[in-house]
Every structure is written in structure tokens, then in C-alpha cells.
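Have a look at the structure below before the remarks.
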Amino acid sequence: MYYYRLGKIPPKRHTQFRQPDGSLYKEELVSSEGFSGIYSNLYHIHPPTRIKAADDPIAFGPKKINDYTLRHIHLNTSNVTATGDDYLSARKVLLMNNDCSISICSPRKRTMDYFYKNAEGDEVLFIHDGKGTLTSQFGKLDVRQGDYIVIPRTVIYKIEFEAGPLRVLIIEAASPVETVKRYRNQLGQLLEHSPYCERDIRPPQELVTDTSKGEFLIKIKKQGYLHPYRYDHSPLDLVGWDGFLWPYAFSIHDFEPITGRIHQPPPTHQTFQGRNFVICSFVPRLFDYHPLAIPAPYNHSNIDSDEVLYYAEGNFMSRRGIERGSFTLHPGGIPHGPHPGTVEKSIGAKETHELAVMIDTFHPLWPTTDALEFIDPKYPMSWTDQAEGFNEVNTP
Ligand SMILES: [Fe+2]
187 MYYYRLGKIP PKRHTQFRQP DGSLYKEELV SSEGFSGIYS NLYHIHPPTR
237 IKAADDPIAF GPKKINDYTL RHIHLNTSNV TATGDDYLSA RKVLLMNNDC
287 SISICSPRKR TMDYFYKNAE GDEVLFIHDG KGTLTSQFGK LDVRQGDYIV
337 IPRTVIYKIE FEAGPLRVLI IEAASPVETV KRYRNQLGQL LEHSPYCERD
387 IRPPQELVTD TSKGEFLIKI KKQGYLHPYR YDHSPLDLVG WDGFLWPYAF
437 SIHDFEPITG RIHQPPPTHQ TFQGRNFVIC SFVPRLFDYH PLAIPAPYNH
487 SNIDSDEVLY YAEGNFMSRR GIERGSFTLH PGGIPHGPHP GTVEKSIGAK
537 ETHELAVMID TFHPLWPTTD ALEFIDPKYP MSWTDQAEGF NEVNTP
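Numbers in our numbering are just positions in the sequence shown, counted from 1, shifted up by 186.
And the structure:
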């Protein structure tokens, strides 16, 4: 991430910065990894510590299935139009471990009458369908279809969507979510061979300074609960901020694919990194151009990672029975690969229009009880030719 600022800030940090009435603005340092990670300095009208009430916590979180059989999983969420009422209650965590969780979220309500703060995880929203505005202490950020929205923990925000189809993939991370380290130089700038650069990253554009008083609810997520905090002033009471820590958008459509003469492995598609997991973007691209190239992927034994793919758009050449909005989980320990017939069929193909998000974890994932309703029971046998009753929808 890079240095950015919005609004008014004093020329030197930790010095007197006065409001028109002569009182001091209230400075707040928001820092990650203690004082060792990225940080920003925020300047409030009111003390961010002053609360009106802290109500009883409400249990909030998924139930994982500890003893799910080792098998490939296809979660077909393609027919889902609403997963719940609002932005929080509609979050259905489907897969999880101690490093990250993967959710689908299609709320009926398009607005929020409260603010939300995730106090324990960075969030990455992938906007599969939807358009709107994320409003946080850092300002307003446009949200568009195809965007990754990266929200560092403790950012207080609300998100409002316009009418129309709405489907959001949410990856919540126990660690900071960062750009890919091998694509950065020693000072943090994205390198020339990175699939994207700083110009592709959209910071908040318009600071909101809300001076109103009243009652403002912030639901704070931590340790399996939502903690309702009430303030008598708006949390959007900033006159300015600067630093490296802020929510941003990056469109998957701005990811420039790396291609080669022969099949390129998933790390060439890597977009973000977290502790013990990566996020990759599979975007429309030219296929391999060696005269004997096989564009379909090979069979693969990932001996120490679990691979999740979320299929967003296009035909998925190597998979049968997959639809727009499907997830597959190919766990470590058993091989996965192209479906029968798809390898020969891929030879000679020049390009793909697929769009998919991959989450590879380096510790095993568990399905949750919310995942059960989406499980395709035929998927584990789908590599067997003429599997009885196999779902052939969207076969390429
Ligand atoms: Fe794989």
C-alpha cells in the first residue's frame, strides 16, 4: 500500500491541531502489527474513546463440521438470490479455518442503519454482482461489479448497494491482507512485472465529516460475537487522515494476466496474500502458445494445501457441472484434475473468457453447517466417466 491523505491534517504529527472553537482535534493512531505494520493517523472532532453504552454481545459466527469426509466438494450457490436480511445476517460462511473464512452474502436490504467494524479480521469483498458505496471514516469509496474491496480490520464502515442483483464473496482473514510480496520492491512499490500497480488501486475519494449528534450504533465483531456499541456522535467525525492503512478497491478487470508457451501455474494469477493463504484471479487471457501445448490443467496433487475456486463468469473448460456462483474445494491429500474429455477438447483453444477467484489455504478448511444446503452430492464421483445422474448443466 502507499501513502495517501484526505482532508485537513497538521504539518507535524502529534502536535497541536485546533478546531475553530480553539479546542484540540482528537488524534487517533490506527496501527497494525503493534507499531510495526502499516498505520494511519486520524483527526476526530470528538474523542473516539467516548461511548454512550456498550450493550450485551450477540452470538455471531459459523459452525464448522469437524468430521466431514475427505472428498472434493462442489457448493452450488448459483440459484441463491438472498442469503439473509442485511449485510451481516446475510453472511453465510461456507468454508473456514483459523487463517481465513469464505462466505457468500446476498442481503435483501440494500442499506444499513448501523455501522460495522470487524475488530479481528481484514475483509476482502469480491463484488460479483452489485454496485454501491462504502462509506467509512476514511471517506467514500465507489463499489462496482468485479471489485475486490480490501477493508483493514477496525475500519468503521457501512455499505449501501443500489437495486439490482447483489452477490458478494467475502474472505475474512485473521492476518493482514496485502499485495503480493514478490511483486514489491524493497520500498514497497509494485514492480514492473506485477500484474497490477498503484494506478489500479482506488482509494477513498471523498471525506465525510459528519458533525451530527444523536445515537449511532456500531456493531463490532470479535471472538464469536457482535458487540453493539452506541455513541452520541457520528463515527464519521474526521476532518482528515493520512497514512498507509485505508480501505481500497481493485477491480479484477484491471488484473493483467501473465501467459506463457505452456500452462502457467496458479501463482501467476496471485493477487493478494495473507498468512497461510493466497487469493488469485483467473481472468480472460490468451492460452498457451507452444505448438504442442495443452491449455487444460494437468492432474494435481496439492500435498499441503486446499484449493477453493469461485466461478464468476464464462465457461470453465476443465470442469463439468459448474455454474456461475459455484465453489469447488479440492482438498490436499487427494488428486484433482480436468474432467474426462476436457483435456483433448482444450487442445487448439486460443483464449478463455473465464473469470474466477481462487483461495488457496496452507492449512485444511472445514465446511460449515451453512454449506450443507449447497453441496452437490454427485461431485466427488464426477471424474468417473458416465457417472450415474451426473449434472451436465453448462458442460463446455
Ligand atoms: Fe490444483
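Glycine included, each C-beta is placed from N, C-alpha and C at the ideal position. Please read all numbers here as calculations on a predicted model, not as lab measurements.
Open item on the list: Excluding the 5 residues flanking Q456 on each side, which residues of the same chain have their C-beta closer than 7 Å to its C-beta?
Closed with: Within the sequence shown, numbered from 1, the residue matching residue 456 stands at position 270. Residues of the same chain with a CB within less than 7 Å of the CB of Q456, apart from the 5 flanking positions on each side, are V366, V464, C466 in chain order.
Open item on the list: Nearer than 7 Å: is that true of the beta carbon of N265 relative to any heavy atom of ligand 1?
Closed with: Along the sequence shown, read from residue 1 onward, the residue named residue 265 stands at position 79. False, no ligand heavy atom lies under 7 Å from that Cβ.
- [ ] Decide if Q459 is buried, meaning its Cβ has at least 16 other Cβ atoms within 10 Å, or exposed.
- [x] Walking along the sequence shown from the start, residue 459 turns up at place 273. Result: buried.
TODO: Going by CA-CA distance only, name the one from P243, G527, D474, L515 that's closest to T445.
DONE: For this step, residue 445 is matched to residue 259 along the sequence shown. T445 has its Cα closest to that of D474, out of P243, G527, D474, L515.
Open item on the list: Here's the rule I'm using: 16 or more other beta-carbon atoms within 10 Å means buried, otherwise exposed. How should T528 be labelled?
Closed with: Locating residue 528 in the sequence shown gives position 342, counting from the first residue. T528 should be labelled buried.
Open item on the list: Determine whether the beta carbon atoms of Y343 and T319 lie at a separation below 8 Å.
Closed with: On the sequence shown, residue 343 is found 157 positions in, with the first residue counted as 1. On the sequence shown, residue 319 is found 133 positions in, with the first residue counted as 1. No.
Open item on the list: Using only the alpha-carbon positions, how far apart do D396 and L228 sit?
Closed with: Along the sequence shown, read from residue 1 onward, the residue named residue 396 stands at position 210. Along the sequence shown, read from residue 1 onward, the residue named residue 228 stands at position 42. Near 14 Å, if we compare the C-alpha coordinates of L228 and D396.
Open item on the list: Given this structure, state the Cα-to-Cα distance separating D308 from P566, to the nearest angstrom.
Closed with: Within the sequence shown, residue 308 is the residue found at index 122, counting from 1. Within the sequence shown, residue 566 is the residue found at index 380, counting from 1. Computed Cα separation, rounded: 32 Å.
Task: Residue environment, K198, which counts as buried when at least 16 other CB atoms sit within 10 Å - done: On the sequence shown, residue 198 is found 12 positions in, with the first residue counted as 1. Flag for K198 reads exposed.
Task: Residues near L256 by beta carbon distance below 8 Å, same chain, minus five either side - done: The sequence position of residue 256 within the sequence shown is 70, counting from 1. The residues are P517, G519, I520.
Task: Close Cβ partners of D271 (< 8 Å) along its chain, the five nearest in sequence each way excluded - done: Translated into positions along the sequence shown, residue 271 becomes position 85. Cβ neighbours of D271 beyond the five flanking positions: P293, R294, K295.
- [ ] Could you say which of V354, R339, G507 lies nearest to R330 if we only look at CA atoms?
- [x] Translated into the one-based positions of the sequence shown, residue 330 becomes position 144. Residue V354 is the option with its Cα nearest to R330.
TODO: Grab me the residues of H439's own chain with a C-beta within less than 7 Å of its C-beta, minus the 5 sequence neighbours each way, in chain order.
DONE: Here residue 439 corresponds to residue number 253 of the sequence shown, with the count starting at 1. Excluding residues within five positions, the ones whose Cβ falls inside 7 Å are G332.
Task: Proximity below 8 Å, CB of V266 to CB of L431 - done: Within the sequence shown, numbered from 1, the residue matching residue 266 stands at position 80. Within the sequence shown, numbered from 1, the residue matching residue 431 stands at position 245. Their beta carbons are not under 8 Å apart, which means V266 does not touch L431 by this criterion.
Open item on the list: My assumption, with CB atoms under 8 Å, is that Y417 sits in contact with K238. Please give the rounded CB distance.
Closed with: As a position in the sequence shown, residue 417 is number 231, starting the count at 1. As a position in the sequence shown, residue 238 is number 52, starting the count at 1. About 6 Å separates the two Cβ atoms, so the contact holds.
- [ ] For Q202, count neighbouring C-beta atoms within 10 Å of its own C-beta (all shown protein chains included) and say buried if the count is 16 or more, exposed if not.
- [x] Numbered from its first residue, the sequence shown carries residue 202 at position 16. Flag for Q202 reads exposed.
Task: Nonlocal neighbours in the same chain, by C-beta distance under 8 Å from S398, ignoring five residues either side - done: Position 212 of the sequence shown, counted from the first residue, corresponds to residue 398. Hits under 8 Å: H419, S420.
Task: S512 versus F468 - alpha carbon distance - done: Taking the first residue of the sequence shown as 1, we reach residue 512 at position 326. Taking the first residue of the sequence shown as 1, we reach residue 468 at position 282. About 15 Å.
Open item on the list: Tell me the rounded alpha-carbon separation between Y382 and G507.
Closed with: In the sequence shown, counting from the first residue as 1, residue 382 sits at position 196. In the sequence shown, counting from the first residue as 1, residue 507 sits at position 321. If you take the alpha carbons of Y382 and G507, they lie about 32 Å apart.
TODO: Under 6 Å Cβ to Cβ from A359, same chain only, skipping five residues before and after it: list those, please.
DONE: Indexing the sequence shown from 1 puts residue 359 at position 173. Once the five neighbours on either side are set aside, the close Cβ partners of A359 are C286, G307, D308, G460.
Task: Per DSSP, cross-strand counterpart(s) of R204 - done: As a first step, residue 204 is located in the sequence shown; it is residue number 18 there, counting from the start. BP columns for R204 point to L210.
Open item on the list: Is N488 near ligand 1 - that is, is its Cβ less than 7 Å away from at least one heavy atom of it?
Closed with: Taking the sequence shown and counting its residues from 1, the one referred to as residue 488 is at position 302. Yes, the Cβ of N488 comes within 7 Å of a heavy atom of ligand 1.
Task: L261 beta carbon less than 8 Å from that of Y302 - done: Working through the sequence shown from its first residue, we reach residue 302 at position 116. Working through the sequence shown from its first residue, we reach residue 261 at position 75. Inclusion of Y302 and L261 in the CB contact set at 8 Å is not warranted, their separation being larger than that value.
Task: heavy atom of ligand 1 below 7 Å from E384 C-beta - done: Here residue 384 corresponds to residue number 198 of the sequence shown, with the count starting at 1. Shortest gap from the CB of E384 to any heavy atom of ligand 1: 7 Å or more.
Open item on the list: Do Y415 and A240 have their beta-carbon atoms positioned less than 8 Å apart in this structure?
Closed with: As a first step, residue 240 must be located in the sequence shown, where it is residue number 54. As a first step, residue 415 must be located in the sequence shown, where it is residue number 229. Yes, the pair counts as a contact, with Cβ atoms nearer than the cut-off.
TODO: Just the C-alpha distance for I290 and I313, rounded to the nearest angstrom, thanks.
DONE: Start at 1 with the first residue of the sequence shown, and residue 290 comes out as number 104. Start at 1 with the first residue of the sequence shown, and residue 313 comes out as number 127. Distance between the alpha carbons of I290 and I313: 10 Å.
Task: 8 Å Cβ cutoff met for L541 and G500 - done: Within the sequence shown, the letter at position 355 stands for residue 541. Within the sequence shown, the letter at position 314 stands for residue 500. It is a contact, given that the beta carbons lie within the stated cut-off.
Task: Euclidean distance between Cα positions of M544 and H200 - done: Stepping through the sequence shown from its first residue, residue 544 is reached at position 358. Stepping through the sequence shown from its first residue, residue 200 is reached at position 14. Those two C-alpha atoms are separated by around 42 Å.
Task: In DSSP terms, what V529 is bridged to - done: As a first step, residue 529 is located in the sequence shown; it is residue number 343 there, counting from the start. V529 pairs with nothing; no bridge assigned.
TODO: Would you mind working out which of E213, I231, P526 sits nearest P206, comparing C-alpha positions?
DONE: For this step, residue 206 is matched to residue 20 along the sequence shown. Taking only the C-alpha atoms, the option nearest P206 is I231.
TODO: Have a look at P362, A482, V494 and flag the residue whose alpha-carbon is nearest the alpha-carbon of A535.
DONE: Walking along the sequence shown from the start, residue 535 turns up at place 349. Nearest neighbour of A535 by Cα position, chosen from P362, A482, V494, turns out to be A482.
Open item on the list: Between which residues of its own chain and L424 is the CB-CB distance below 7 Å, once the five residues before and five after are set aside?
Closed with: Mapped onto the sequence shown, residue 424 falls at position 238. Cβ within range, chain order: G193, L228, Y229, H230, Q323, L393, T395.
Open item on the list: Tell me whether E442, by its Cβ, gets closer than 7 Å to a heavy atom of ligand 1.
Closed with: For the purposes of this step, residue 442 is identified with residue 256 of the sequence shown, where counting begins at 1. For ligand 1, not one heavy atom lies less than 7 Å from the Cβ of E442.
TODO: Alpha carbon to alpha carbon, how far is I288 from N304? Give it in angstroms, no decimals.
DONE: Mapped onto the sequence shown, residue 304 falls at position 118. Mapped onto the sequence shown, residue 288 falls at position 102. If you take the alpha carbons of N304 and I288, they lie about 15 Å apart.
Task: Simplified DSSP state of A305, which is helix, strand or coil - done: Start at 1 with the first residue of the sequence shown, and residue 305 comes out as number 119. It is coil, neither helix nor strand.
- [ ] Report whether the distance from the Cβ of H154 to the nearest heavy atom of ligand 1 is below 7 Å.
- [x] Because the chain is modelled from 187 through 582, residue 154 falls outside the range shown and cannot be assessed.
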